[in-house]
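In this note's numbering, the protein residues as written are 198 to 580.
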């Protein structure tokens, strides 16, 4: 569903990297994605081996997701009339709409986290779930999750946590599930100071400590509301700015932060080059999530060498290891105390995560794609 230029979160970043790397290996890749946004975007341009097929949908959320999965089988049949598919790889739970409508090619499903966990961990009201009935936190997708998992040939879990949750929740063989971590560019991006100064000026960031949040701002899983409440306590005795980067409706966040909006800079979606500069400019990266099946932003912050504060939930401890400070999810007091403590240490020079290179070596796109390529070959040989 998510693929450039239509990228909402980690699943879209995953799709972009996986498809580009597979194409670089010489595979012929066709990406089916909604015709939303700038379909002529050159941020992730098609190559000789990479074709982007835009599926017609309306712009309205969440109906565009429903329309995409309903229209997709027709579009795949069109494409398959021109060439045979060896593998069909679905990125996220929604396979039920496709059952018995696609080719006989092996089907692989990537699970970033269990959808039913998303609704449970965020304690959404019945009204909220009905309002987003066909979205991840609604009622439709969780109902089809079981059928999706049973229907595919192989499952890719992006973490051991995600695999364990599948095994704990559904009667599925462990042999059917492969853990293949997401990746990150392991090399640190070095920017000229004048470039960072210009970006700080362009983004209207004051000359004070910057606390960075990256994620979908209206997704309850991401815990932005907890960070805003904690930040309110932080600025009682500390001069700091909260930089919020991510797509979504900012209305709730703005309302929650109304008394101290002057201390907050809210950006929508930014391209990859600006995002890397945001990591470079920040003093602390905070991930206040209520649930994470992996947590790509943690690796991005690690690559930038920034101190990380995150929550002890989902796959975060597995991914982060000892490279950050963990607090319990939903604990405003613990989060505000930890932020103040790290900022105080930063006055004497922030300590970068220790042995981050060793941690990042586990999470390279190259190793992820090699593992995925091996899985594809196994599926094809069995079929």
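We put the CB at the ideal spot given by N, CA and C, even for glycine.
Taking all protein chains shown into account, residue 209 has 16 or more neighbouring C-beta atoms within 10 Å of its C-beta and is therefore buried.
Around the beta carbon of residue 218, a 10 Å sphere encloses 16 or more other beta carbons of the protein chains shown; the residue is thus reported as buried. Secondary structure at residue 306: strand, using DSSP grouped into helix, strand and coil. 375 is the residue among 375, 441, 360 whose C-alpha sits nearest the C-alpha of residue 569.
Residue 508 is not a Cβ neighbour of residue 497, given a cutoff of 8 Å.
Rounded to whole angstroms, residue 350 and residue 432 show a C-alpha spacing of 52 Å. Contact check for residue 211 against residue 436 fails: the beta carbons are separated by 8 Å or more.
Put simply, the backbone Cα of residue 501 is about 21 Å away from that of residue 213. Put simply, the backbone Cα of residue 405 is about 15 Å away from that of residue 399. With fewer than 16 other CB atoms across the displayed protein chains lying within 10 angstroms of its CB, residue 452 is exposed.
Taking 4 residues as the shortest admissible run, the region 389 to 475 contains the following complete alpha helix (DSSP H) segments, listed from N- to C-terminal end: 390 to 399, 421 to 431, 448 to 453. The beta carbon of residue 343 lies closer than 7 Å to those of 367 in the same chain, with the five residues before and after it left out. The region 438 to 447 makes contact with the region 455 to 462; the number of CB pairs closer than 8 Å reaches 3 or more. DSSP, reduced to helix, strand and coil, places residue 208 within a helical segment of the structure shown.
In this structure residue 424 is buried. Its beta-carbon is surrounded by 16 or more other beta-carbon atoms within 10 angstroms. Boundaries for residue 576: no beta strand (DSSP E) harbours it, while the alpha helix (DSSP H) harbouring it runs 562 to 579, taken from the DSSP string.
Cβ-Cβ separation between residue 486 and residue 510: approximately 6 Å, consistent with a contact (criterion under 8 Å). With fewer than 16 other Cβ atoms inside 10 Å of its own Cβ, residue 563 counts as exposed. Rounded to whole angstroms, the gap between the alpha carbons of residue 363 and residue 560 is 22 Å. In this structure the region 444 to 451 does not lie against the region 472 to 482, because fewer than three pairs of beta carbons, one per stretch, are closer than 8 Å. If you ignore the 5 residues before and after residue 489, its C-beta comes within less than 6 Å of the C-beta of 511, 512, 513, all in its own chain and listed in chain order. For residue 227, the uninterrupted beta strand (DSSP E) run begins and ends at 226 to 231, by DSSP.
Note: residue 516 is not bridge-paired with any residue in the DSSP secondary-structure output. In the three-state DSSP reduction, residue 501 falls in the coil class, being neither helix nor strand.
The alpha-carbon of residue 408 is positioned some 29 Å away from that of residue 359. Taking each of 253, 266, 226 in turn and checking the Cα distance to residue 280, the smallest one comes out for 226. Per DSSP, the continuous alpha helix (DSSP H) segment holding residue 358 begins and ends at 357 to 366.
At the C-beta level, residue 373 and residue 352 come within 8 Å of one another.
Shown here, residue 255 sits in coil according to DSSP, grouped into three states, outside any helix or strand. The alpha-carbon of residue 539 is positioned some 8 Å away from that of residue 481. Inclusion of residue 495 and residue 517 in the CB contact set at 8 Å is warranted, their separation being smaller than that value.
Rounded to the nearest angstrom, the gap between the Cα atoms of residue 248 and residue 567 is 21 Å. Annotation for residue 220: 226, 244, 246, 247 place their beta carbon closer than 6 Å to its own, counting only its chain and skipping 5 residues before and after. Counting along the chain, the unbroken beta strand (DSSP E) around residue 352 starts and ends at 351 to 354.
Only residues of its own chain outside the window of five on either side were considered, and among them 346, 347, 352, 363 have a CB closer than 8 Å to the CB of residue 369, listed in chain order.
Annotation: residue 420 to residue 537 spans about 18 Å, alpha carbon to alpha carbon.
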